[in-house]
Amino acid sequence: MTELYATADFCLIPIGTPSPSVAEEIAECQRVLEKSGLVFKMHGYGTNLEGPWSAVSQAIHDCHAALHAKGILRIATDIRIGTRVDVAGATVAGGLNEMKVRRVEAILAQDA
């Protein structure tokens, strides 16, 4: 069986940082994701990430590991993962999230 292609939305929350801002920690996580080669997009309360299930899971793991290596002792992460096998293009890098956004935009364009 072929590995599932996954879309994930995750919010990594460093706990006990020296500052109320976690921008430095999130920037480090974005660096990790850049190296992963996966499709990702940061938003105000998390990051969309997609690719093979195991690679998505590994990338989130690697974000945790990178922040622990920088001295963050505790991290909580909320993750939503979806898979889909009924849509053409659902295994193309960047396919699912872009397809979802384009579909909603098309519906909204009908309102104009």
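For what it's worth, the UniProt record's numbering labels the leading residue of the sequence shown as 1, then goes sequentially. All residues carry an ideal CB built from backbone N, CA and C; glycine is no exception.
Item                                                                                                                                                  : Value
Look up E50 in the DSSP assignment and give the residues it is bridged to.                                                                            : T7, V39
On the premise that P14 lies in contact with I75, defined as a C-beta separation below 8 Å, what is that separation, rounded to the nearest angstrom? : 5 Å
Taking the straight line between their C-alpha atoms, what separation do you get for L49 and A112?                                                    : 31 Å
Which residues does DSSP list as the beta-bridge partners of I107?                                                                                    : In DSSP, I107 forms no bridge with anything.
Could you check which residue in V56, K70, R103 has the C-alpha nearest to that of D9?                                                                : V56
When the distance is taken between beta carbons, is A23 closer than 7 Å to L38?                                                                       : no
Would you mind reading off the limits of the beta strand (DSSP E) that contains G82?                                                                  : 74-83
According to the neighbour-count rule (16 or more other Cβ atoms, all chains shown, within 10 Å of its Cβ), is T7 buried or exposed?                  : buried
May I ask you to list the residues that DSSP assigns as paired with I13?                                                                              : A76
Could you check what DSSP says for D62 in three-state terms: helix, strand or coil?                                                                   : helix
As a quick exercise: from K35, G46, E105, S54, pick the residue whose alpha carbon is nearest that of T77.                                            : G46
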